[in-house]
Amino acid sequence: MRAVRYLSRWILFVCATLLLLQVGLTRAHRSLAADPPDPPISISPLVQDHIEWVVALVNGAREFDEVEYQERFSPVFIEQVPANLFKTQLEGFQALGESWSVTGIESSTSQRAVVRISPASGEPVFLMAIAVDAAEGTIVMLQIQTGEFPTLEDPPATIGDATDRLLDMGYNFSFLVADVEGDEPACAFLDGLNEDVPTPLGSMFKLYVLGAVVDAINNGTLAWNQSVEILDRYKSLPSGIVQFDPPGTMKTVRKLAELMISISDNTATDHLMGLVGRRAVEVALRDYGHSAVHLNEPFLFTREFFYLKLSGKTNANSTMPGKVGQMYLATTEIEERRSLLSLMENVSMKDLDLMIWTRPIAVDGIEWFGTPLDLCNVLARLHLNEEAARILKINPGIPDEKGLWSYVGFKGGSEPGVLGMAWYVEGEGGIRRVVTGTVWDTDRAIGNGIES
């Protein structure tokens, strides 16, 4: 269960734009056709059982039981939302009303549903989105938020309209809609803007770390079930949870990869990069179709990224990094930058102040970069690997309310000044499609932390 999120106007706009793209509009000025009448909606017994359980907890008709919580939810969800946090959020929700019930079904598939819930008074109304793992029977996603998913008073009628409005707001914006074709997948352009122009990636760079892990496993130098010791030298800052694990804790490569993608865990990412090596990720950039590898050499660990931006920074109103970051930006020689990074292997994250990061900090210099086409290439090639494809679908980014796709894989990324989203979807007739978009600005905050 996630706390209700209040999204600012520009986030709503980005979501609206990408939702338009995802439902299959493939030309910039194609109008939205009216949807045919929806057939009656029913909910699968498995999903229904979980919904009834959640509503019973909200109503106090069932006592919260930690053992049952462990049985109901997937391990990845539990790691993100421990039982005590779930219980605290549940108690806060109970204070909003009494005698809650499901008052409507917005959408449903065999593994997902979006329902309306409200108390006996009728207000407030919330949407509850839930998704389950059919094989395990556990809940993998549960979101409760007010009234409606992000909407606009005057939503754009076409992709072109949405693009024009975003550009009018003054942000840098790029997007791509492409079909994935062939056994050696290639991205066939359908629609886009600045699709071949490099932009900041935020946490979408983790797709290339996943690619390097897949390659190491294919080469026999790593295994998904291989145990990895959590070390202080690879501990980073949020987002994530692995940074809280005591040194010496053991996690598998698979678990670290799941956390890296599904909750954008930075410490999990750095442990995986430590396993495969920085150079291996740089090789993966080439192997997975990146068009400008040199922009990411040397390829930053997340802890280096944070240290370069925040070490010595005292002015929250400045978009400049601290002294170490300024030294890094002062040289464009790759090997000199590698030498500088080598001095940071054992630096501590404890003295870095995330609260000072309220504006973009060198998003055009201390960052990972790629084009929308690059993201299409890496997503298409990752989906040749069964385990990578499974990991990418753990967090679908947004609920597929209308059940349009049989598969939804997702990775997002944000920090102050950057918001990016990338989907790989599969649907009827063998369609494979990538939708990706990024909004960024060197001066104005957009995202609110490096996260998914």
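According to mature numbering (1 follows the signal peptide of the UniProt record, and there is no 0), the stretch in the sequence shown is residues -28 to -1, 1 to 424, in order.
Just so it is clear, CB atoms sit at the ideal spot from N, CA and C, and this is done for glycine as well.
In this structure, DSSP gives N287 a state outside helix and strand, which the three-state scheme calls coil.
Taking C-alpha positions only, D323 is separated from S175 by approximately 22 Å.
V200 is bridged by DSSP to K223. Inclusion of E359 and S378 in the CB contact set at 8 Å is not warranted, their separation being larger than that value. Per DSSP, the beta bridge partners of A150 are F161 and V406. Bounds of any beta strand (DSSP E) do not take in K295; it lies within the alpha helix (DSSP H) bounded by K295 to A302. For M393, the enclosing beta strand (DSSP E) covers residues V390 to E398. In the structure shown, M232 adopts helical secondary structure according to DSSP, grouped into three states.
Beta-bridge partners of E387 (DSSP): V390. Looking at D105, G64 and G69, the one whose alpha-carbon comes closest to that of E43 is D105.
About 13 Å separates the CB atoms of I333 and K295; that is not less than 8 Å, and the two are not in contact. Excluding its 5 nearest sequence neighbours in each direction, Y143 has C-beta neighbours in its own chain below 8 Å: W(-19), V411, W412, D413, R416 and I418, listed in chain order. Note that the C-beta distance between T221 and D242 is not below 8 Å.
Within its own chain, the residues whose Cβ lies closer than 6 Å to the Cβ of R226, once the five positions on either side in sequence are excluded, are W196, listed in chain order. Annotation for F277: no beta strand (DSSP E) segment contains it, though the alpha helix (DSSP H) segment containing it runs T274 to L282. According to the DSSP assignment, R362 belongs to no beta strand (DSSP E) but to the alpha helix (DSSP H) extending over E358 to L364. The stretch 17 to 25 and the stretch 92 to 107 touch, with no fewer than 3 CB-CB distances between them shorter than 8 Å. Rounded to whole angstroms, T408 and A33 show a C-alpha spacing of 43 Å. In the three-state reduction of the DSSP assignment, E38 falls in the helix class. Sequence-distant Cβ neighbours of Q66 in its own chain, meaning closer than 7 Å and more than five residues away, are V30 and G32. I131 is not bridged by DSSP to any residue. Each residue's CA atom was taken as its position, placing T304 and G261 some 23 Å apart. I202 counts as buried, since no fewer than 16 other beta carbons sit within 10 angstroms of its beta carbon. Per DSSP, the beta bridge partners of F145 are V411.
With a cut-off of 8 Å on Cβ pairs, the stretch 186 to 196 is not in contact with the stretch 206 to 216, counting fewer than three such pairs. Under the three-state reduction of DSSP, Q61 is assigned to helix. The closest CA to that of P210, considering only P219, V186 and A240, is found on A240. Listed in chain order, the non-local C-beta contacts of L272 below 7 Å within the same chain comprise W340, local neighbours out to five positions each way being set aside. A256 is not a Cβ neighbour of G342, given a cutoff of 8 Å. Take the alpha-carbon of I235 and the one of V112: they are about 12 Å apart. Beta-bridge partners assigned by DSSP to Q117: L99. Looking only at V74, A107, S93 and G154, the smallest Cα-Cα distance to S82 is reached by A107. Relative to the Cα of R250, the nearest Cα in the group N268, Q115 and G297 belongs to N268.
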